[in-house]
Amino acid sequence: MQKNQPVVIHVPHASVCIPPEEQLFFVTHDLSREIAVMTDHYCDDLYDTGDTMIRFPISRLVCDPERFREDADEGMARIGMGAVYTSCSDGSELKHISRLHREEILSRYYDPHHQRLERAVEEKLRHFGTCLLIDGHSFHDVPLPYESDQNTPRPDICIGTDAYHTPDDLTECLFQFFQCRGYSVAVDRPFAGSLVPMKYYRRDSRVRSVMIELNRGLYMDHGLNRTSGYQKIKEDIAAAISHIS
Ligand SMILES: [Zn+2]
């Protein structure tokens with residue numbers, strides 16, 4: 001049963017689905033490896049707490065809803081990883097996309113997803129006067145070449161914050177919670193920020209947002225199999241979200 005509380009979970013990178021009509025535009029020789037390293041495997045299950053969840057149904061290799069829509073606003077576009085990627089995580093070519101095709105992808109996948117997310121937040125604000133958005137991700141246990149933070153060892157858990165939408169006490173509370181359960185925790189490294197729908201971005205502080213990123217080594221191996229830690233981290237995420245909401 002869905003919980004009736006002002007929480008929206010956003011899971012943008014868990015899908016491995018590449019629609020057949022998009023497959024022929026990929027030029028990389030190792031698409032399966034790219035899917036393996038770039039997907040936030042199992043996050044749609046790990047973050048499934050019974051709260052409202054908005055999950056992107058398509059692989060981020062087709063379209064990444066976590067990026068700004070326009071390349072001019074998106075820093076990662078410089079390395080071919082804006083809202084529609086053209087580069088792989090090692091810098092090699094991922095696919096050929098015309099400007100027109102890029103726009104088609106954005107209107108087919110990116111725009112409806114953001115509308116769904118915005119509506120979910122809007123509904124929570126209407127009912128509760130507040131909304132807590134949890135941006136749910138995971139990261140590769142070893143830094144991938146495209147990542148700006150190459151430091152090792154990586155923490156178990158990274159908490160991503162936004163200066164406007166993440167109150168300090170929320171960050172502190174989450175940090176303490178995971179640390180008390182034995183995890184190493186870092187704030188805004190290796191990944192920073194937390195997503196907020198553009199309608200509310202830096203305009204409405206009733207929308208609080210925090211990103212939780214899990215080190216995939218906590219719950220899966222490089223063969224994409226779940227490991228023995230899976231159930232524990234799943235339970236701890238649910239407890240953490242219930243604690244902060
Ligand atoms: Zn992610």
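Reading the sequence shown from the start, the letters are residues 1 to 245 in my numbering. Where is the CB? At the ideal position from N, CA and C, for every residue including glycine.
(request) For S138, write down the residues that DSSP places opposite it in a beta bridge. (result) Walking along the sequence shown from the start, residue 138 turns up at place 138. Note: S138 sits in a beta bridge opposite L214.
(request) For the beta strand (DSSP E) holding I9, just list the boundary residues, first then last. (result) Here residue 9 refers to the residue found at position 9 of the sequence shown. 7-11 is the extent of the beta strand (DSSP E) around I9.
(request) May I have the straight-line CA-CA distance separating T152 from F191, to the nearest angstrom? (result) What you label residue 152 is simply residue 152 of the sequence shown in a count that begins at 1. What you label residue 191 is simply residue 191 of the sequence shown in a count that begins at 1. The alpha-carbon atoms of T152 and F191 are separated by roughly 13 Å.
(message) With a threshold of 7 Å between beta carbons, is R116 in contact with chain C?
(response) The structure shown contains no chain C; it holds only a single protein chain.
(message) For ligand 1, is there any heavy atom lying closer than 6 Å to the beta carbon of D51?
(response) For the purposes of this step, residue 51 is taken as residue 51 along the sequence shown, with counting starting at 1. Flag unset: Cβ of D51 not near ligand 1.
(request) Can you tell me which of E103, T166, D168, P65 puts its alpha carbon nearest to the alpha carbon of E118? (result) As a working mapping, residue 118 is identified with position 118 in the sequence shown. Comparing Cα positions, the closest option is P65.
(message) Could you check whether the Cβ of D40 sits closer than 6 Å to any heavy atom belonging to ligand 1?
(response) Here residue 40 is taken as the residue at index 40 of the sequence shown, counted from 1. Yes, Cβ of D40 sits closer than 6 Å to a heavy atom of ligand 1.
(request) Report the rounded CA-to-CA distance for D51 versus V8, giving the unit in angstroms. (result) In the sequence shown, counting from the first residue as 1, residue 51 sits at position 51. In the sequence shown, counting from the first residue as 1, residue 8 sits at position 8. Taking the straight line joining both Cα atoms gives about 6 Å.
(request) Report the option in S228, R181, D71, F56 whose CA atom is closest to the CA atom of A14. (result) Looking up residue 14 in the sequence shown gives position 14. For A14, the nearest C-alpha among the options comes from F56.
(request) Assign C88 to one of three DSSP states: helix, strand, or coil. (result) Here residue 88 refers to the residue found at position 88 when the sequence shown is read from its first residue. Reduced to three states, the DSSP call for C88 is coil.
(request) State yes or no: is the C-beta of A120 within less than 7 Å of the C-beta of I54? (result) As a position in the sequence shown, residue 120 is number 120, starting the count at 1. As a position in the sequence shown, residue 54 is number 54, starting the count at 1. Contact flag set, yes.
(message) Does the distance between the C-beta of H10 and the nearest non-hydrogen atom of ligand 1 fall short of 6 Å?
(response) Along the sequence shown, read from residue 1 onward, the residue named residue 10 stands at position 10. No.
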